[in-house]
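Below: one structure, written as structure tokens.
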Amino acid sequence: MLHMNSGDKPHPNHRSGVSVGNGGVDGTVDGGDGERRDYSHMLTCVTEREKFIVPIKAIGARAILDFPDELNFSNCPVKYSTQKILLVRNIGNKDAVFHIVTHRPFSVKPTDGILNVGESTQLEVEFEPQTIGNHSGRLVVCYDTGDQLFLSSLVLMKFSPPPLSDDIRSLPCWYPMRMAAFRSPCRATKAMGERIYVSLYGAAVDMNIRLDKNSLIIEKTYISLANQRTVTIHNRSNIIAHFQWKAFATQEEEDKEKYRVCDDLAKEEKDETDAFMEEFILDPSLRQRLSIISHTFKHQRRAVQVDHMLNFNSVFTIEPLEGDVWPNTSAEITVYFNPVEAKCYQQTIYCEIS
């Protein structure tokens with residue numbers, strides 16, 4: 001005799017079946033309450049001599065996005081943006097709330113959205129390598145299984161209360177503010193969510209873009225006078241080449257110089273602030289000068305961060321410093337020499353093509 005028990009849960013239901021060969025029994029298990037959702041139950045089967053448990057799981061409605069397994073950009077110009085368009089369709093039976101993550105040199109937009117059943121959308125995947133060679137990565141697509149994803153967030157809002165008096169107590173304070181619950185597609189990476197992966201490949205190669213000479217010798221020039229020579233950029237590729245004349249060979253060297261300048265500015269700001277605080281103790285009416293000092297150095301640091309480092313010394317001048325060279329054309333660059341004293345001048349500058 002075989003007895004089956006599904007516990008206290010109303011699902012699944014079992015129906016007794018008929019005997020089959022070799023002493024077996026064929027039974028039917030009906031599960032679900034009509035809703036398209038996931039079910040998980042443990043069915044206990046008891047005989048006269050033993051007891052065993054049969055796990056029963058059913059998968060409900062699912063969003064299915066038809067991403068390809070891989071996306072290959074093949075050979076692409078280095079420091080150049082190449083895009084591919086993906087047409088993605090939701091072939092499942094539930095709306096998809098998705099969020100996409102990837103890393104440089106690859107990028108994607110949009111990074112999140114909602115795709116209803118049967119609908120399609122276009123995604124733009126971009127490959128912009130900064131170094132020559134092979135590059136690989138992954139496109140991680142996270143989307144929920146249909147469960148509502150809510151969260152309650154505690155954020156800090158900056159609030160400046162009215163000045164209590166002419167002292168430091170009037171500085172801004174931080175107050176918490178409770179926000180209402182909201183749906184967040186980017187939270188689909190929780191345990192209830194699902195992930196799919198798209199492999200990304202690309203190779204960065206040099207294009208046929210070059211200078212007509214690697215060095216310039218400018219004739220002797222009198223002080224206060226100027227002399228000039230030209231150099232030509234030839235673009236023999238099928239893309240538009242953007243050039244910039246820079247003082248540093250690599251982005252790492254340029255960033256290092258920016259960090260050094262910002263560090264010097266921070267030390268200078270500290271010195272001025274310390275000097276101001278000594279004056280402030282003697283004369284509290286000078287309080288407004290503190291914000292002036294802070295804003296001045298803040299603007300200077302911002303200017304350093306956005307600077308392309310295209311400036312050189314006053315002896316050598318390049319025109320134009322940057323521009324575009326169209327496919328199968330050339331651009332002529334003029335280098336001016338303005339000596340300020342009688343000596344030999346030498347400098348190395350770099351032409352960055354992107």
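Residue numbers (the UniProt record's numbering): 1 to 354. Glycine is no exception: its CB is placed at the ideal position from the N, C-alpha and C atoms.
Residue i beta carbon near the ligand MN (any heavy atom closer than 8 Å)
i	result
ASN75	As far as ligands go, the structure on display features none, and thus does not contain the ligand MN.
Terminal residues of the beta strand (DSSP E) in which residue i lies
i	result
GLU272	It is not in any beta strand (DSSP E) - GLU272 instead sits in the alpha helix (DSSP H) that spans 251-282.
ALA203	194-205
ASN235	227-235
CYS351	350-353
VAL315	Unbroken run through VAL315: none, as it is neither H nor E.
ILE209	209-211
PHE248	Premise fails: PHE248 is in no beta strand (DSSP E) and is neither H nor E.
Bridge partner(s) assigned by DSSP for residue i
i	result
TRP326	Looking at the DSSP assignment, TRP326 forms no beta bridge with any residue, so it has no partner.
HIS41	ILE56
LYS51	VAL46
PHE243	GLY323 and ILE353
CYS331	The amino acid occupying residue 331 in the given sequence is Ala; Cys does not appear at that position. ALA331 is bridged to ILE233.
Spatial distance of residue i from residue j (CA atoms)
i	j	result
SER199	ILE114	23 Å
SER107	GLU70	15 Å
ILE223	TYR336	13 Å
ASP41	ARG62	Correcting the residue identity first, residue 41 is His in this sequence and not Asp. C-alpha separation (whole angstroms): 19 Å.
VAL205	GLY133	7 Å
LYS298	LEU290	12 Å
residue 376	CYS351	Only positions 1 to 354 of the chain appear in this structure, which leaves residue 376 out of reach.
LYS246	ILE349	6 Å
ILE218	GLN228	7 Å
GLN347	LEU216	10 Å
Cβ-based burial, residue i [other Cβ within 10 Å; buried from 16]
i	result
ILE85	exposed
TRP326	exposed
ASN72	exposed
VAL97	buried
GLU128	buried
VAL46	exposed
MET207	buried
CYS142	buried
LYS79	buried
Q) Counting only runs that start and end within the stretch 70-152, where is the alpha helix (DSSP H) found for 4 or more residues in a row? A) none
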